[in-house]
Amino acid sequence: MKLTATESCKALINLLKSKHGELMFHQSGGCCDGSSPMCYPLGEFKVGGQDVLVGELAGCPFYMGAAQYKLWQHTDLTIDVVNGRGASFSLEIPEGKRFILRSEICAVED
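If you're matching positions, the sequence shown starts at 355 in our numbering and goes up one per residue.
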């Protein structure tokens, strides 16, 4: 799995860092927030034994649940930003933006 951020995503992360300090991400598994990358002040979202550190996104740790990781481990993920307000508690919502995940399945070597 490769984790990358678009330039617009990096710019929004830098804006949010200037307002909130260090950040972290957790890839939602669905339900209320619709499988969105969620952005929180570092340490505000409590990760546990069932969360996997996938990598860093513009210097911020990016986690997802182990069950979701098992399904997506052969997928390259690009985090992007679109205009609009999501239905979540993620830090970008007051900015009129929403983080989204774009994915591309990658080849699995035998």
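Cβ coordinates follow ideal geometry from the N, Cα and C atoms, glycine included. Just so we're clear, the structure is a prediction, and the values are computed from it rather than from any experiment.
Other residues of its chain near residue i: CB distance less than 7 Å, five sequence neighbours each side excluded
i, result
"Gly438", "Arg452"
"Thr358", "Thr432"
Cβ pair residue i, residue j closer than 8 Å
i, j, result
"Ser442", "Ser390", "yes"
"Met355", "Pro415", "no"
"Tyr417", "Val408", "yes"
"Ile454", "Asp434", "yes"
"His374", "Leu425", "no"
Unbroken beta strand (DSSP E) run spanning residue i, endpoints
i, result
"Lys451", "Lys451 to Ile459"
"Gln381", "Leu377 to Gln381"
Close-in-space but distant-in-sequence residues of the same chain around residue i (CB under 6 Å, 5 per side omitted)
i, result
"His380", "Met392, Phe399 and Tyr417"
Continuous alpha helix (DSSP H) stretch holding residue i: start and end
i, result
"Lys356", "Taken as a continuous stretch (DSSP letters only), Lys356 belongs to no alpha helix (DSSP H), as it is neither H nor E."
TODO: Inspect the CB distances between the stretch 445-460 and the stretch 361-370 and report whether three or more fall short of 8 Å.
DONE: Taking a contact to require three or more Cβ pairs closer than 8 Å, the stretch 445-460 and the stretch 361-370 qualify as touching.
Task: Length at least 3, wholly inside the stretch 389-455: the beta strand (DSSP E) runs in chain order - done: Listed in chain order, they are 391-395, 405-411, 414-419 and 429-437.
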